[in-house]
Amino acid sequence: MMSVSLRILQNFNPMYLAYREYAIPLICAVALHVIIIIFLASKWDFTDQNRSVVRPNTIQTSLITLQRKRQTPKKAAEPVARQARQNVRPPALPEPRKLSARKSVPVPKVDPDLERRKLQETIRNKRLTEMRQLAFDQAIETESEHLIDRSSSNEAMGYVDGIYSLLVANWSRPPSARNGMSATIRVELFPNGELNTVSLIESSGYEVFDRSALAAVRKARKFKVPSDTPLFEKQFRSFTLLFKPEDLLR
């Protein structure tokens, strides 16, 4: 009887749609009433319990059948939804950036022979520079000495001429003096020019000639000498005189 009425409802579209819309709430309400009726029927007599239970069971069976018919399309739709979810691909994660490999810098090869040659060349250049500098310094020093010597010689010649003139004035040549005779005398002076010692180094072979030469030096007693100590020590502290009848000073 209930199945026939359901087919009629399905053929009548507006009522059937309303029935589909309220089916689930109706089932819940009926189930709740069934539970309440069962709970209350347990306190009634057996006759009332049988009468009250039959009708809800029949309705419940029909409703469950209806619910199964309605849920059938949902079960068919579930694979479609599942397939749609499977077709939806999650957004692709960005690929991690690959660290660019650092280009290895080639280590330059060191040539031991080349390094040794460079070191030797550096040492040789340094020595040449030092030698050139030393040679330059020595040349400057030598030139300075020559300049000093020339200057000193020019100054000394003035004092030598003075000593020569003084000895010529004080020497009395013996009448027996002849050309070829010569006597060498060593003279030592004090820094003030006074005579310190006089001695015969080489005799002429004639005693009279030798004594006359020594007497000339002693008679002079004091000579004019340079006040420049280095020049005096170098040329006038001690010097030799060559007495000749034709040329006195050597």
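Numbering of the sequence shown is given in my numbering, commencing with residue 59 and proceeding in unit increments.
Here a beta-carbon is modelled for each residue, glycine too, at the ideal position from N, C-alpha and C.
Residue i bridges to which residues according to DSSP?
| i | result |
| --- | --- |
| V256 | V245 |
| K280 | E252 |
Indicate the three-state DSSP secondary structure (helix, strand or coil) for residue i in the structure shown.
| i | result |
| --- | --- |
| F297 | strand |
| K292 | helix |
| A89 | helix |
| L124 | Because L124 sits at a pLDDT of 43, beneath the cut-off of 50, its placement in the model cannot be relied upon, and the point is left open. |
| K302 | coil |
| G216 | helix |
| P232 | coil |
| S270 | helix |
| Y222 | helix |
| K167 | coil |
| S240 | coil |
| M59 | Note on M59: pLDDT 43, under 50, position unreliable in the model; no value is reported. |
| D286 | coil |
| S211 | helix |
| A134 | With a pLDDT of only 48 at A134, under 50, the local geometry of the prediction cannot be trusted, and the value read off the model is given with reservation. Three-state DSSP puts A134 in a helix. |
Are residue i and residue j close, meaning C-beta to C-beta below 8 Å?
| i | j | result |
| --- | --- | --- |
| F267 | I221 | no |
| N30 | E304 | No information on residue 30 is available, as it lies outside the stretch 59 to 308 that the chain covers here. |
| V218 | L253 | no |
| S234 | Y264 | yes |
| S285 | R231 | no |
At least three beta-carbon pairs within less than 8 Å, the stretch 224-241 to the stretch 293-304: The way I'd put it, the stretch 224-241 does touch the stretch 293-304; three or more beta-carbon pairs between them come closer than 8 Å.
Stretch-stretch touch, CB-based, cutoff 8 Å, three pairs: the stretch 257-275 with the stretch 211-219: Judged by Cβ distances under 8 Å, the stretch 257-275 makes no contact with the stretch 211-219, as fewer than three pairs qualify.
Inter-stretch contact (C-beta, 8 Å, three-pair minimum) for the stretch 242-252 and the stretch 176-191: Fewer than three pairs of CB atoms, one per stretch, sit closer than 8 Å, so the stretch 242-252 makes no contact with the stretch 176-191.
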